[in-house]
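Reviewing the structure listed below.
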Amino acid sequence: MRKEPVIAIKNLNHYYGRGSLKRQILFDINLEIYAGEIVIMTGPSGSGKTTLLSLIGGLRSVQEGSLKFLGEELSGASQSKLVKSRRKIGYIFQAHNLLGFLTARQNVQMAVELNQVISQPEAVTKSEAMLGSVGLKERMNYYPDNLSGGQKQRIAIARALVNRPPLVLADEPTAALDKQSGRDVVEIMQRLAKEQGTAILLVTHDNRILDIADRIVEMEDGLLTRDAQNAVIKNDSGVKNHNS
Ligand SMILES: Nc1ncnc2c1ncn2[C@@H]1O[C@H](COP(=O)(O)OP(=O)(O)OP(=O)(O)O)[C@@H](O)[C@H]1O
Ligand SMILES: [Mg+2]
0 MRKEPVIAIK
10 NLNHYYGRGS
20 LKRQILFDIN
30 LEIYAGEIVI
40 MTGPSGSGKT
50 TLLSLIGGLR
60 SVQEGSLKFL
70 GEELSGASQS
80 KLVKSRRKIG
90 YIFQAHNLLG
100 FLTARQNVQM
110 AVELNQVISQ
120 PEAVTKSEAM
130 LGSVGLKERM
140 NYYPDNLSGG
150 QKQRIAIARA
160 LVNRPPLVLA
170 DEPTAALDKQ
180 SGRDVVEIMQ
190 RLAKEQGTAI
200 LLVTHDNRIL
210 DIADRIVEME
220 DGLLTRDAQN
230 AVIKNDSGVK
240 NHNS
């Protein structure tokens with residue numbers, strides 16, 4: 000029997016605007032995501048991907064339908080309950096949102112200290128270990144401004160994963176990166192997700208990274224139009240084909 004899903008969404012609708020300007024953005028969304036699963040969401044601009052991510056992340060209140068995170072209903076949840084669930088989620092956005100006046104290590108360490116009661120030396124050790132595992136051991140004491148886009152994105156990954164959250168939400172984390180850096184970044188996420196049993200929901204327009212997904216879902220005009228296992232066949236040339 001499968002374990003309880005990390006995320007369980009049933010008949011979710013969402014609207015922006017009020018009165019005559021009210022417009023439905025999400026239509027009858029149903030989606031489950033399990034521990035250790037990497038789900039990639041694709042779909043045209045304006046189709047509702049970020050809106051759905053912000054609802055799952057507890058950054059917006061659920062209006063209609065059910066959205067459970069670790070078995071807890073977020074629809075109708077109090078602000079304090081939403082804050083609690085946000086602490087169990089790692090966020091990675093296109094603009095990495097690092098603090099420019101903190102070094103790589105301090106950016107990661109801040110996430111640790113906000114999340115758990117922990118001594119400073121322990122927080123430092125944890126942060127350094129995490130930055131090591133994203134390949135930034137030598138750049139620990141650099142400020143974001145002195146690092147490349149891919150390196151900054153790796154700090155953002157370290158920050159999102161350092162508390163070993165059950166869920167990571169990533170909105171176009173490779174959009175600003177070249178092909179190789181984008182690939183590196185998602186492979187790091189994939190490795191850490193499998194090691195830590197983290198569920199990952201990743202929005203992307205980047206077809207070159209689809210093969211890291213266990214499942215691919217597609218959003219179109221506010222509807223989930225596809226939800227399929229990602230069958231990846233690695234042929235002799237090492238080129239990957241995508242089928243589902
Ligand atoms: N705060 C808001 N208020 C009103 N309408 C909004 C708001 N945010 C988004 N929208 C509208 O909702 C729809 C879905 O937007 P959303 O940002 O979820 O799309 P998306 O799939 O993430 O697009 P993209 O790929 O361009 O990031 C769009 O039509 C957008 O204009
Ligand atoms: Mg978006």
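Residue numbers (numbering that gives the first Met the number 0): 0 to 243.
The beta-carbon is built from N, C-alpha and C at its ideal position, and this holds for glycine as well.
Residue i: CB within 7 Å of a non-hydrogen atom of ligand 2
{"i": "residue 170", "result": "yes"}
Beta-carbon separation (whole angstroms), residue i vs residue j, contact threshold 8 Å
{"i": "residue 188", "j": "residue 40", "result": "Contact doesn't hold; Cβ gap of about 14 Å is too wide."}
{"i": "residue 88", "j": "residue 164", "result": "6 Å"}
{"i": "residue 103", "j": "residue 130", "result": "6 Å"}
{"i": "residue 186", "j": "residue 211", "result": "7 Å"}
{"i": "residue 13", "j": "residue 25", "result": "4 Å"}
{"i": "residue 166", "j": "residue 198", "result": "5 Å"}
{"i": "residue 134", "j": "residue 180", "result": "Their Cβ separation, rounded to whole angstroms, is 11 Å, which puts residue 134 and residue 180 out of contact at 8 Å."}
{"i": "residue 28", "j": "residue 4", "result": "Between residue 4 and residue 28 the Cβ distance is about 14 Å, and since that is not below 8 Å, they are no contact."}
{"i": "residue 106", "j": "residue 158", "result": "6 Å"}
Which residues DSSP lists as bridging residue i, in chain order
{"i": "residue 225", "result": "217"}
{"i": "residue 41", "result": "217"}
{"i": "residue 92", "result": "170"}
{"i": "residue 68", "result": "6, 71"}
{"i": "residue 12", "result": "63"}
{"i": "residue 201", "result": "39, 169"}
{"i": "residue 31", "result": "7"}
{"i": "residue 22", "result": "15"}
Whether residue i touches residue j by CB criterion (8 Å)
{"i": "residue 246", "j": "residue 6", "result": "Look at the range of the chain in this structure, 0 to 243, and you will see that residue 246 is not part of it."}
{"i": "residue 38", "j": "residue 200", "result": "yes"}
{"i": "residue 245", "j": "residue 216", "result": "Since the first and last residues shown for the chain are 0 and 243, residue 245 lies out of range."}
{"i": "residue 82", "j": "residue 73", "result": "no"}
{"i": "residue 126", "j": "residue 150", "result": "no"}
{"i": "residue 143", "j": "residue 196", "result": "no"}
{"i": "residue 170", "j": "residue 202", "result": "yes"}
{"i": "residue 17", "j": "residue 57", "result": "no"}
{"i": "residue 11", "j": "residue 64", "result": "yes"}
{"i": "residue 228", "j": "residue 214", "result": "yes"}
{"i": "residue 174", "j": "residue 93", "result": "yes"}
{"i": "residue 52", "j": "residue 168", "result": "yes"}
{"i": "residue 152", "j": "residue 184", "result": "yes"}
Contact with chain C by residue i, beta-carbon distance below 8 Å
{"i": "residue 98", "result": "The structure shown contains no chain C; it holds only a single protein chain."}
What residues sit near ligand 1, counting only those whose C-beta is closer than 5 Å to one of its heavy atoms, in chain order? 15, 24, 44, 45, 46, 47, 48, 49, 50
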